[in-house]
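Residue numbers (the working numbering), protein chains in the order written: chain B, 1 to 297; chain C, 1001 to 1512.
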């Protein structure tokens, strides 16, 4: 029995860590290229919504996934424009995306499904296989692969070198003949696709419907994970499992505590853990030029 | 003509704001020479070289490389033709090591992966050939400035550049590093590279260059063989003869000693000493001028005097009181005012209105402050007063100062600082970039301060200004005074020599 609880906790950890890891890796690319997008949560939430909506319309989860991909591209282009040519304040833009996504998706639920707070159930993506009656998602091996490939791309290829130079000293990158804007646009699109797919995973893989605010701050935990992982994809993979463990633990503890304790108490666990982790690692140094618009004289 | 590698013909450059940087300059570079490009600030040296490097486009004129007419739109184009430039501010990624910096933008790949080994092999071979030894595997942030410069040079050599342009390469180096750099440059010349050395330092130019081109105010004065000239000739060409000594200078009654600086040592941003043991005094009723080419420690001196930068050694005494390392507010409160070099950086807040800027620094005192509120009526009438008295052209006192012209912005700063009635006024490049009338206005303001018995410290790279206004003056070079005395005691040539790094006693003995 205990063995089964442990197994389900571990499987739960794998499940909850996926969006954290994908989100963190996307943001690692962003900040390494000199962009700070704190709108991860919003793009994720929007991705979850659009994936469920697309699936519901077409009765096909792969169509939903495709919609989420397109949504990611769109957000990436918007944020890319804000952080390059428009020279906007990236923090404000990120907050704007979060607030917009939260309000827009909640408003759309009754307009589409006629219910408040949650959508109809839709078809999920097929699982890779079942383990102890728990679904194991295709996203799991893909996430591990993403972390490994990201690490190789960032540190072992010329594209990674160029991308990192844009985040450390865009003037030097420019002097070396690299188009800083192009790199940042492409990176923004790539990372927003990741955010959006992480959301789609939550909507049509982990769950089978859209619930308002269903990302529940995971975009922000991913942001913390970036710092925790010292802007390294492989550490984000390891750290994501740790953060995911506490996320999974809240469900377990919540169930164990029963009705006597307010549900908000166990729900605090992942957030408190996040704060404690960040306190524990102390001062860190990210890419020098992250979040700073690059202006060619 | 056969060994001419670069030929620039009749180059003009007018900046969008109407400033003439170059007025028809011809420049010829021969294969395998070290060519000095000499001139004061604003002579157009860097502009000319940035045009050659494709970083800015000339307004008119032609460039020929090995006889072929070229048009560069970006530095990449210039590099393709074998021309590279190292700037005063290096373009390096501090988190990367030397190898990664050298490879950046031209990375060899093997099987899709970055092949830094290939870069390393080539760079090691280059280091062997040129003697430019650098630790390739340490992040740039841990390398000294001299080492970083080597990385920049290696970066160009890796790109197979034949013509290296170095913009004031010695300004950030220690004397030993300068020696090493020059040894390297000689070695590169042996290997057939052509080098342009942009500098204002006479001795350096003479010690290493084959030929020297002197620019003055956007025009070429001459190209000479270094062997055939002495520092005096170059100084004369660089400074020109038009420095006029003001006759009938107002004789102020020189009063008591106001500012006394003794053996002052101040570090620059790079952690090396920028001010090296300066000592001088300024008295009431006198203007003490400090001349010299920009970047010889003037900014650090001013910042130290005003409490913006830490004094490492030595002392600053104001009216007999030690004010070394006091805060800016404490220093201002004692009656010292500053007209800063950077108008919109330290002088004004661009988005604030004239009124808000007019009371800046006095805003916390009555009558502008009443309890915890600002007295806006009082502030506005004060601003209107300044506008009228100092002839500032502005629609109203409620206009953000960013909409004022540079001249009017400067008038506002001068008005504000003079209205405080300081005992000592520090004026740093007070007329830089101003038109004739605004310049006249500012200079008259300084002279009025003096006639009122106040002390003025004028620091300017405009030699004419220093000579005309000062009662006593010094020439600053690499953090030290090359000479100090009354302007009438120096000839133009002597000042030029001091600006180029020769000390007064060397200058005098060399001349007599």
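We put the CB at the ideal spot given by N, CA and C, even for glycine.
(request) Could you give the DSSP three-state label for residue 1475 (chain C): helix, strand or coil? (result) For this step, residue 1475 (chain C) is matched to residue 475 along the second chain. Residue state, collapsed to three classes: strand.
(message) Taking 8 Å as the limit between beta carbons, can you name the residues of its chain near residue 1368 (chain C), skipping five residues before and five after?
(response) Position 368 of the second chain, counted from the start, is the residue given in the question as residue 1368 (chain C). Taken in chain order, the residues that qualify are 1359, 1362, 1374, 1375, 1378, 1379 and 1382.
(request) Answer yes or no: does any C-beta atom of chain C fall closer than 8 Å to that of residue 121 (chain B)? (result) As a working note, residue 121 (chain B) is residue 121 in the first chain. Residue 121 (chain B) has a beta carbon lying at 8 Å or more from every beta carbon in chain C.
(request) With DSSP collapsed to three states, give me the class of residue 1452 (chain C). (result) For this step, residue 1452 (chain C) is matched to residue 452 along the second chain. Residue state for residue 1452 (chain C) is assigned as coil, using DSSP reduced to three classes.
(request) Examine chain B for any beta-carbon lying closer than 8 Å to the beta-carbon of residue 1120 (chain C), and answer yes or no. (result) As a working mapping, residue 1120 (chain C) is identified with position 120 in the second chain. By this cut-off, residue 1120 (chain C) is not an interface position.
(request) In angstroms with no decimal places, state the Cα-to-Cα distance between residue 1242 (chain C) and residue 1455 (chain C). (result) Numbered from its first residue, the second chain carries residue 1242 (chain C) at position 242. Numbered from its first residue, the second chain carries residue 1455 (chain C) at position 455. Low per-residue confidence applies at residue 1242 (chain C): pLDDT is 49, beneath 50, and the placement is therefore not dependable enough to give any value.
(message) So residue 157 (chain B) contacts chain C; which residues on that side make the cut at Cβ distance below 8 Å?
(response) Stepping through the first chain from its first residue, residue 157 (chain B) is reached at position 157. Those are 1109, 1112, 1113 and 1114, listed as they occur along chain C.
(message) Looking at chain C, is there any beta carbon in it that lies within less than 8 Å of the beta carbon of residue 283 (chain B)?
(response) Counting from 1 along the first chain, the entry for residue 283 (chain B) is found at position 283. Chain C, which has no Cβ nearer than 8 Å to the Cβ of residue 283 (chain B), makes this no.
(message) Which runs of the alpha helix (DSSP H) at least 4 residues long sit entirely within the region 1120–1192 of chain C? Give them in chain order.
(response) Within the region 1120–1192 of chain C, the complete alpha helix (DSSP H) segments of 4 residues or longer fall at 1145–1158 and 1175–1190, listed in chain order.
(request) Might you give, ordered along the chain, the residues of its own chain that have their beta carbon closer than 8 Å to the beta carbon of residue 1404 (chain C), omitting 5 neighbours on each side? (result) Taking the second chain and counting its residues from 1, one reaches residue 1404 (chain C) at position 404. In its chain, beyond the 5 residues on either side, 1354, 1392, 1393, 1394 and 1412 have a beta carbon closer than 8 Å to the beta carbon of residue 1404 (chain C).
(request) Give every residue of the same chain whose Cβ lies closer than 7 Å to the Cβ of residue 1315 (chain C), excluding the five residues on either side of it in the sequence, and list them in chain order. (result) As a position in the second chain, residue 1315 (chain C) is number 315, starting the count at 1. Result list for residue 1315 (chain C): 1262, 1322 and 1324, in chain order.
(request) Determine which residues of the region 1155–1178 of chain C have a Cβ less than 7 Å from any Cβ of chain B, and write them out in chain order. (result) Answer in chain order: no residues at all.
(request) Mark residue 1286 (chain C) as exposed unless 16 or more other C-beta atoms lie within 10 angstroms of its C-beta, in which case mark it buried. (result) By one-based count along the second chain, residue 1286 (chain C) stands at place 286. Burial is judged here by how many other beta carbons sit within 10 angstroms of a residue's own beta carbon; residue 1286 (chain C) has at least 16 and is buried.
(message) For a test of the three-state rule: what should DSSP assign to residue 1202 (chain C), helix, strand or coil?
(response) Position 202 of the second chain, counted from the start, is the residue given in the question as residue 1202 (chain C). The answer is helix: DSSP assigns residue 1202 (chain C) an H, G or I state.
(message) On a Cα-Cα basis, can you pick out the residue from C:1059, C:1198 and C:1109 that is closest to residue 1037 (chain C)?
(response) Counting from one through the second chain, the residue named residue 1037 (chain C) turns up at place 37. Looking at the Cα atoms, C:1198 is the closest of the given residues.
(request) Determine, using beta carbons only, whether residue 99 (chain B) and residue 203 (chain B) come nearer to each other than 8 Å. (result) Counting from one through the first chain, the residue named residue 99 (chain B) turns up at place 99. Counting from one through the first chain, the residue named residue 203 (chain B) turns up at place 203. No, the Cβ-Cβ distance between residue 99 (chain B) and residue 203 (chain B) is not below 8 Å.
(request) Enumerate in chain order the residues of its own chain whose CB-to-CB distance from residue 110 (chain B) is below 8 Å, with the five nearest sequence positions on each side excluded. (result) Residue numbering aside, residue 110 (chain B) sits at position 110 when the first chain is read from its first letter. Answer for residue 110 (chain B): 116, listed in chain order.
(message) Quick check on DSSP: helix, strand or coil for residue 228 (chain B)?
(response) Against the first chain, residue 228 (chain B) aligns to sequence position 228. Three-state DSSP puts residue 228 (chain B) in a helix.
(request) Kindly indicate if chain C contains any beta-carbon less than 8 Å away from that of residue 125 (chain B). (result) Numbered from its first residue, the first chain carries residue 125 (chain B) at position 125. Any Cβ of chain C closer than 8 Å to the Cβ of residue 125 (chain B) would place that residue at the interface, and such an atom is absent.
(message) Can you check which of these residues, C:1057, C:1459 and C:1009, is closest to residue 1303 (chain C) by C-alpha distance?
(response) The sequence position of residue 1303 (chain C) within the second chain is 303, counting from 1. Residue C:1459 is the option with its Cα nearest to residue 1303 (chain C).
(message) If contacts are defined as beta-carbon pairs under 8 Å, then residue 1501 (chain C) and residue 1477 (chain C) qualify, I think. What distance do you get, rounded to the angstrom?
(response) For the purposes of this step, residue 1501 (chain C) is taken as the residue at position 501 of the second chain. For the purposes of this step, residue 1477 (chain C) is taken as the residue at position 477 of the second chain. Right, the Cβ-Cβ distance comes to about 5 Å (below 8 Å), so this counts as a contact.
(request) Determine which residues of the region 168–181 of chain B have a Cβ less than 9 Å from any Cβ of chain C, and write them out in chain order. (result) Listed by position along the chain: 168, 169, 171, 172, 173, 174, 175, 176, 177 and 178.
(message) Looking at the secondary structure, which residues open and close the alpha helix (DSSP H) in which residue 1415 (chain C) lies?
(response) In the second chain, the residue the question calls residue 1415 (chain C) occupies position 415. Annotation for residue 1415 (chain C): the continuous alpha helix (DSSP H) segment containing it runs 1406–1419.
(message) Closer than 7 Å to a non-hydrogen atom of the ligand ADP - does that hold for the CB of residue 1358 (chain C)?
(response) Among the components modelled here there is no ligand, and therefore nothing to report on the ligand ADP.
(message) What does the Cβ neighbour count give for residue 18 (chain B), buried or exposed, with the cut at 16 atoms within 10 Å?
(response) Taking the first residue of the first chain as position 1, residue 18 (chain B) is located at position 18. Buried: at least 16 other Cβ atoms inside 10 Å.
(request) Please name the residue, chosen from C:1029, C:1083 and C:1114, that lies closest to residue 1225 (chain C) on a Cα-to-Cα basis. (result) Along the second chain, one-based indexing puts residue 1225 (chain C) at 225. Ranking the options by Cα distance to residue 1225 (chain C), first place goes to C:1029.
(message) Here's a check: name, in chain order, each residue in its chain whose Cβ is nearer than 8 Å to the Cβ of residue 214 (chain B), leaving out the five neighbours to either side.
(response) As a first step, residue 214 (chain B) must be located in the first chain, where it is residue number 214. Apart from the 5 residues on each side of it in sequence, residue 214 (chain B) sits with its Cβ closer than 8 Å to the Cβ of 45, 48, 202, 203 and 207 in its chain, given in chain order.
(request) Flag residue 6 (chain B) as yes if its beta-carbon sits less than 8 Å from any beta-carbon of chain C, otherwise no. (result) If you number the first chain from 1, residue 6 (chain B) lands on position 6. Residue 6 (chain B) has a beta carbon lying at 8 Å or more from every beta carbon in chain C.
(message) Determine, for residue 1096 (chain C), whether the minimum Cβ-Cβ distance to residues of chain B falls below 8 Å.
(response) Looking up residue 1096 (chain C) in the second chain gives position 96. Interface residue, yes.
(message) Once DSSP output is grouped into helix, strand and coil, what is the label at residue 1263 (chain C)?
(response) Along the second chain, read from residue 1 onward, the residue named residue 1263 (chain C) stands at position 263. Correct three-state label for residue 1263 (chain C): strand.
(message) Quick check: what's the CA-CA separation for residue 1148 (chain C) versus residue 1049 (chain C)?
(response) Along the second chain, one-based indexing puts residue 1148 (chain C) at 148. Along the second chain, one-based indexing puts residue 1049 (chain C) at 49. The alpha-carbon of residue 1148 (chain C) is positioned some 21 Å away from that of residue 1049 (chain C).
(request) Check whether the Cβ of residue 288 (chain B) lies closer than 8 Å to any Cβ atom in chain C. (result) Here residue 288 (chain B) refers to the residue found at position 288 of the first chain. The Cβ of residue 288 (chain B) sits closer than 8 Å to at least one Cβ of chain C.
(request) Flag this pair as touching only if the region 61–75 of chain B and the region 170–184 of chain B have three or more C-beta atom pairs under 8 Å; answer yes or no. (result) In short, these stretches do not touch, since the Cβ pair count stays below three.
(request) Starting from the beta carbon of residue 1105 (chain C), find every residue of chain B whose beta carbon is closer than 7 Å, and list them in chain order. (result) Reading the second chain from its first residue, position 105 is the one you call residue 1105 (chain C). Ordered by position in chain B, the residues that pass the 7 Å Cβ test against residue 1105 (chain C) are 176, 177 and 178.
(request) Would you verify that the beta carbon of residue 165 (chain B) is, or is not, closer than 8 Å to some beta carbon of chain D? (result) Protein chains in the displayed structure are B and C, and chain D is not among them.
(message) Considering Cα atoms alone, identify which of C:1021, C:1452 and C:1487 is closest to residue 1433 (chain C).
(response) Residue 1433 (chain C) sits at position 433 when you count from the first residue of the second chain. Selected option, being the one with the closest Cα: C:1021.
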